[in-house]
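Q: Per the working numbering, residue 9 is the first one in the sequence shown, and the count goes up by one each step. Can you keep this structure in mind? I'll have questions shortly.
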Amino acid sequence: MAAGDRIWTNARLLTLAEGSPNLGLVDHGAIAVRDGRIVFAGPASDLPGEFSGVEATDCGGRLITPGLVDCHTHLVHAGDRAREFEMRLEGASYEEIARAGGGIVSSVTQLRAADEAELVRQTLPRLDALIAEGVTTVEVKSGYGLTIPDELKMLRAARQLSEERPVSVFTSYLGAHATPAEYKGRNADFLCDVVLPGLTQAHEQGLVDAVDGFCEGIAFSPDEIRQVFDLARSLGLPVKLHADQLSNLGGASLAADYGALSAEHLEYTDEDGAAAMAKAGTVAVILPGAFYFIRETKKPPIDLFRKHGVRMALATDNNPGTSPLTSLLLTMNMGATLFGMTVEECIAGVTREAARALGCQAETGTLEAGKWADLALWDVERPAELVYRMGFNPLHQRVWRGQPTS
Ligand code: DI6
Ligand code: FE
């Protein structure tokens, strides 16, 4: 027994350990923690004797899962696009909205006008909403600055979030998100002047954990994305890609070619793309919030992912334009209801597989010895309840790195 040791007893565990049936369910379970890391998670009868005198939290039979991981967000942004949403409800077209100053351009304008402290201030309520549902790790992208200083500002704000709240933050550089007005029709210049040198600078400043891009007709071509990924590779940074969201440009295969951690959205991915992802071990990050919000009708090919053994994660894609969603619980419900994902796929998708999509599966995402003690305790009897309810939050306690935070 050492100072700072903690145990949780009288719990039902979903360990999510790879290959265990029923999400690694342990009916009479206990977790022992030292220095913020899990030392033991399993049947209470096997709890190591050295923890016998340690003060225990009696979980009253509650369910413990790994802390949730939101592996795809644009959480740092300024302002909102509620007016645009209203205009769409009134029947306005995308062109009309763009002419009225809406669309992604409006988010870029608002972001550029906000300083770092203001960005953090505006982001914290969204982060708090995620945390309130048991999120212990969150990914945050840049991509609304689109100048080097503004992209760096976004990434610094993202890093600052982990100073403000007990949460692990992973940053993704998304300079190739959209072409700003001043570079309209000049993607090559934008890449050369902003995206590529911005990535080098952000990396030098320790602000980048992974590199992302938006491969789409309205954004960047596969060849343009390759330029970004080649630089990422030379800097030793992992990549991920917004791929095949609105059309199939072969984004899933492109991501797989670079051994990407993940490819995201994937509504238009075909069988070749799924097979390439399986071979590369690229995780499919499914984003039902954006599908729902833009009233997309083409569903991601979940059956093909299953057939080829592609791992699937689920994330909010929180962003002001296409997914103003701050609930991973609702995201799971949408994954099940809209796409037919199973309860097990949904729960693995916001824990173990989401961690894999961030490359942090050795640190979090399952209840296994050696990982951070990132836990969520739930007032539910069965795992399906986490997926089935809509707009109800059964979180009882959240633990980040061994410390209860609620
Ligand atoms: N895919 C999306 O759906 C969002 N970004 C992306 O890469 C849209 C972002 C926005 O409209 O603000
Ligand atoms: Fe996104």
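Ideal Cβ placement from N, Cα and C applies to all residues, glycine included. Predicted model, so just to flag it, every value in this text is computed and none were measured.
Can you tell me whether residue 147 is helix, strand or coil according to DSSP?
A: Here the question's residue 147 lines up with position 139 in the sequence shown. Note: residue 147 maps to strand in three-state DSSP.
Q: In its own chain, which residues sit with a C-beta less than 8 Å from the C-beta of residue 101, not counting the 5 before and 5 after it?
A: Position 93 of the sequence shown, counting from 1, holds the residue named residue 101. There are no such residues.
Q: Residues in its own chain within less than 8 Å of residue 403 by CB, not counting five upstream and five downstream?
A: Locating residue 403 in the sequence shown gives position 395, counting from the first residue. Only 140, 141, 142, 384, 385, 386, 387 and 414 meet the Cβ criterion.
Q: Which of helix, strand or coil does DSSP assign to residue 389?
A: Locating residue 389 in the sequence shown gives position 381, counting from the first residue. Coil.
Q: Quick one: using the 10 Å Cβ neighbour count with 16 as the cut-off for buried, is residue 364 buried or exposed?
A: The sequence position of residue 364 within the sequence shown is 356, counting from 1. Counting Cβ neighbours within 10 Å, residue 364 comes out buried, since at least 16 surround it.
Q: Within the same chain, show all residues whose beta-carbon is closer than 6 Å to that of residue 206, passing over the 5 residues directly before and after it, in chain order.
A: Within the sequence shown, residue 206 is the residue found at index 198, counting from 1. 156, 159 and 183, listed in sequence order.
Q: In this structure, how does DSSP classify residue 114 when only helix, strand and coil are distinguished?
A: For the purposes of this step, residue 114 is taken as residue 106 along the sequence shown, with counting starting at 1. Helix, per DSSP.
Q: In angstroms, rounded to a whole number, what distance separates the CA positions of residue 229 and residue 35?
A: Along the sequence shown, read from residue 1 onward, the residue named residue 229 stands at position 221. Along the sequence shown, read from residue 1 onward, the residue named residue 35 stands at position 27. Looking at the two C-alpha atoms, the distance is approximately 50 Å.
Q: For residue 250, does the three-state DSSP call read helix, strand or coil?
A: Within the sequence shown, the letter at position 242 stands for residue 250. Strand.
Q: Taking only three categories from DSSP, how would you classify residue 180?
A: In the sequence shown, residue 180 corresponds to position 172, counting from 1. Note: residue 180 maps to strand in three-state DSSP.
Q: Which residues in the same chain as residue 354 place their Cβ atom closer than 7 Å to its Cβ, once the five residues preceding and following it in sequence are excluded?
A: As a position in the sequence shown, residue 354 is number 346, starting the count at 1. Answer for residue 354: 322, 340, 343, 344 and 395, listed in chain order.
Q: Residues in the same chain with beta-carbon distance under 6 Å from residue 214, minus the five sequence neighbours each way, listed in chain order, please.
A: Along the sequence shown, one-based indexing puts residue 214 at 206. Here the set comprises nothing.
Q: Using three-state DSSP, classify residue 371 as helix, strand or coil.
A: Along the sequence shown, read from residue 1 onward, the residue named residue 371 stands at position 363. In this structure, residue 371 counts as coil in the three-state DSSP scheme.
Q: So if DSSP puts residue 273 in a beta bridge, which residue, or which two residues, is it bridged to?
A: Against the sequence shown, residue 273 aligns to sequence position 265. Per DSSP, 251.
Q: Is residue 32 helix, strand or coil when you go by DSSP?
A: Walking along the sequence shown from the start, residue 32 turns up at place 24. Helix, per DSSP.
Q: Leaving out five residues on either side along the sequence, give the residues of the same chain with a beta carbon under 7 Å from the beta carbon of residue 297.
A: Within the sequence shown, the letter at position 289 stands for residue 297. So the qualifying residues of the chain are 324, 325, 331, 333, 339 and 342.
Q: Using alpha carbons as the reference points, say which of 242, 122 and 17 lies closest to residue 39.
A: Start at 1 with the first residue of the sequence shown, and residue 39 comes out as number 31. Nearest option by C-alpha distance: 17.
Q: What residue range does the beta strand (DSSP E) around residue 130 cover?
A: For this step, residue 130 is matched to residue 122 along the sequence shown. From DSSP, residue 130 is part of no beta strand (DSSP E) but of the alpha helix (DSSP H) over 124-139.
Q: Tell me which residues share the same chain as residue 309 and place their Cβ nearer than 8 Å to its Cβ, disregarding the 5 neighbours each side in the sequence.
A: Reading the sequence shown from its first residue, position 301 is the one you call residue 309. The answer, listed in chain order, is 274, 277, 278, 279 and 282.
Q: Which residues mark the beginning and the end of the beta strand (DSSP E) in which residue 50 is found?
A: Along the sequence shown, read from residue 1 onward, the residue named residue 50 stands at position 42. That run of the beta strand (DSSP E) goes 45-51.
Q: Just checking residue 327 against the ligand DI6 - is the residue's beta carbon closer than 6 Å to any of the ligand's heavy atoms?
A: Taking the first residue of the sequence shown as 1, we reach residue 327 at position 319. Residue 327: yes, Cβ under 6 Å from the ligand DI6.
Q: Looking at C-beta atoms only, is the number of pairs between the region 243-254 and the region 215-222 that lie closer than 8 Å three or more?
A: Because the criterion of three Cβ pairs below 8 Å is met, the region 243-254 and the region 215-222 touch.
Q: Give the secondary structure of residue 213 by DSSP, where H, G and I count as helix, E and B as strand, and everything else as coil.
A: The sequence position of residue 213 within the sequence shown is 205, counting from 1. Three-state result, residue 213: coil.
Q: Measure from the alpha carbon of residue 400 to the alpha carbon of each residue in 336, 358, 87 and 406, then state which is nearest.
A: Your numbering for residue 400 matches position 392 in the sequence shown. When each option's Cα is compared against that of residue 400, the closest is 336.
Q: If you follow the alpha helix (DSSP H) that residue 194 is in, where does it begin and where does it stop?
A: Taking the sequence shown and counting its residues from 1, the one referred to as residue 194 is at position 186. It is not in any alpha helix (DSSP H) - residue 194 carries neither H nor E in the DSSP assignment.
Q: Is residue 233 buried or exposed, if buried means 16 or more other CB atoms sit within 10 Å of its CB?
A: Indexing the sequence shown from 1 puts residue 233 at position 225. Classification for residue 233: buried.
Q: Relative to the C-alpha of residue 408, which residue among 311, 315, 92 and 76 is closest?
A: The residue labelled residue 408 in the question sits at position 400 within the sequence shown. Among 311, 315, 92 and 76, the Cα nearest to that of residue 408 is on 76.
Q: Residue ranges of each alpha helix (DSSP H) run of no fewer than 4 residues wholly in the region 49-121, ordered along the chain?
A: Correct list: 90-97, 102-107 and 112-121.
Q: Consider the C-beta atom of residue 112 and the heavy atoms of the ligand DI6; say whether any pair is separated by less than 6 Å.
A: Position 104 of the sequence shown, counted from the first residue, corresponds to residue 112. Yes, the Cβ of residue 112 comes within 6 Å of a heavy atom of the ligand DI6.
Q: Just to confirm, is the Cβ distance from residue 216 to residue 168 under 7 Å?
A: Locating residue 216 in the sequence shown gives position 208, counting from the first residue. Locating residue 168 in the sequence shown gives position 160, counting from the first residue. No. Outside cutoff.
Q: For residue 361 and residue 33, I'd like the C-alpha separation in whole angstroms.
A: Locating residue 361 in the sequence shown gives position 353, counting from the first residue. Locating residue 33 in the sequence shown gives position 25, counting from the first residue. Straight-line Cα distance between these residues: approximately 17 Å.
Q: For a test of your reading of the model: does the CB of residue 263 fall under 6 Å from any non-hydrogen atom of the ligand DI6? Yes or no.
A: Within the sequence shown, numbered from 1, the residue matching residue 263 stands at position 255. No; taking the cut-off as 6 Å, the Cβ of residue 263 has no heavy atom of the ligand DI6 nearer than that.
Q: In or out: residue 161 buried (at least 16 other Cβ within 10 Å) or exposed?
A: By one-based count along the sequence shown, residue 161 stands at place 153. Looking at its Cβ environment, which holds 16 or more other Cβ atoms inside 10 Å, residue 161 is buried.
Q: I need the straight-line Cα distance from residue 299 to residue 58, nearest angstrom please.
A: Position 291 of the sequence shown, counted from the first residue, corresponds to residue 299. Position 50 of the sequence shown, counted from the first residue, corresponds to residue 58. Each residue's alpha carbon lies about 50 Å from the other.
Q: Would you tell me roughly how many angstroms separate the C-alpha atoms of residue 490 and residue 122, rounded to the nearest one?
A: Because the chain is modelled from 9 through 414, residue 490 falls outside the range shown and cannot be assessed.
Q: Determine the contact status of residue 210 and residue 181, defining contact as a CB-CB distance below 7 Å.
A: Within the sequence shown, residue 210 is the residue found at index 202, counting from 1. Within the sequence shown, residue 181 is the residue found at index 173, counting from 1. Against a cut-off of 7 Å, the Cβ pair of residue 181 and residue 210 comes out as a contact.
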